[in-house]
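Worksheet for the structure shown next.
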Amino acid sequence: NAGVTQTPKFQVLKTGQSMTLQCAQDMNHEYMSWYRQDPGMGLRLIHYSVGAGITDQGEVPNGYNVSRSTTEDFPLRLLSAAPSQTSVYFCASSYSIYGTHNYGYTFGSGTRLTVV
Amino acid sequence: GQQVMQIPQYQHVQEGEDFTTYCNSSTTLSNIQWYKQRPGGHPVFLIQLVKSGEVKKQKRLTFQFGEAKKNSSLHITATQTTDVGTYFCAGPGRDDKIIFGKGTRLHILP
């Protein structure tokens, strides 16, 4: 199993450009999320999905769109990049966020995005 | 909204000393998870606690979940250089969001 695969690993965008960060998992996880990580801010939830066809907003959704057409894929779209979106982006998936089993997130290796 | 607070934000310890990080939620959690992130890496799942008052151990790491299920702690005994990194706690809110604390960055002095 590849786990959670994120592409690209690095990206530089100009202000106003759009792009899609790709995330794919092969573990048949229902729950997927996107986080951004900035120094001193921890991991902040952008959008999440509890299953194919279902998405919802997290703590910092403005400027980002997501879709979940399949269980495996959860792409994150930046509509019009701004310097404030310079960050490290992590995609994560989990079998479940509840229950008594020892489930946790599996994270991708991250995308380091710079907006100039 | 739900908030998860972690203290301290940073901790420097001599190698061999113990280390503890604390996590407090503004709401009752159905479970709490702990993650470790090495410098330049991605978070890696360590453990999940579910029951009130639960204590779990992984070698030198001891995890506790409070009786009210609103706080938790991670204690490392006799730290080693391999323990360097940032430790995060996280928990699910009522609306299926998993919210992370800001983490505690552990630095080991040789």
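The listed protein sequences correspond, in order, to chains A and B.
If you number the first sequence the way this note's numbering does, the last residue is 116 and the count never jumps.
If you number the second sequence the way this note's numbering does, the last residue is 1110 and the count never jumps.
Ideal placement from N, C-alpha and C gives every residue a C-beta, glycine not left out.
| Check | Outcome |
| --- | --- |
| For Lys9 of chain A, count neighbouring C-beta atoms within 10 Å of its own C-beta (all shown protein chains included) and say buried if the count is 16 or more, exposed if not. | exposed |
| List, in chain order, every chain B residue whose beta-carbon is nearer than 7 Å to that of Gly110 of chain A. | His1042 |
| Under 7 Å Cβ-Cβ, which residues of chain A neighbour Lys1097 of chain B? | Leu45, Tyr48 and Gly58 |
| Please list, in chain order, all residues of the same chain as Val116 of chain A whose beta carbon is under 8 Å from its beta carbon, the five residues on each side excluded. | Val12, Leu13, Lys14, Thr15 and Pro83 |
| Under 6 Å from any heavy atom of the ligand COA, does the C-beta of Thr7 of chain A make it? | Absence of the ligand COA is noted for the structure shown, with no ligands found whatsoever. |
| Between the alpha carbons of Cys1089 of chain B and Lys1056 of chain B, how many angstroms are there, rounded? | 15 Å |
| Taking only beta carbons into account, state which residues of the stretch 6-34 of chain A come closer than 7 Å to chain B, listed in chain order. | Ser33 |
| So Phe90 of chain A contacts chain B; which residues on that side make the cut at Cβ distance below 9 Å? | His1042 and Pro1043 |
| With H, G and I counted as helix, E and B as strand and the rest as coil, what does DSSP make of Asp73 of chain A? | strand |
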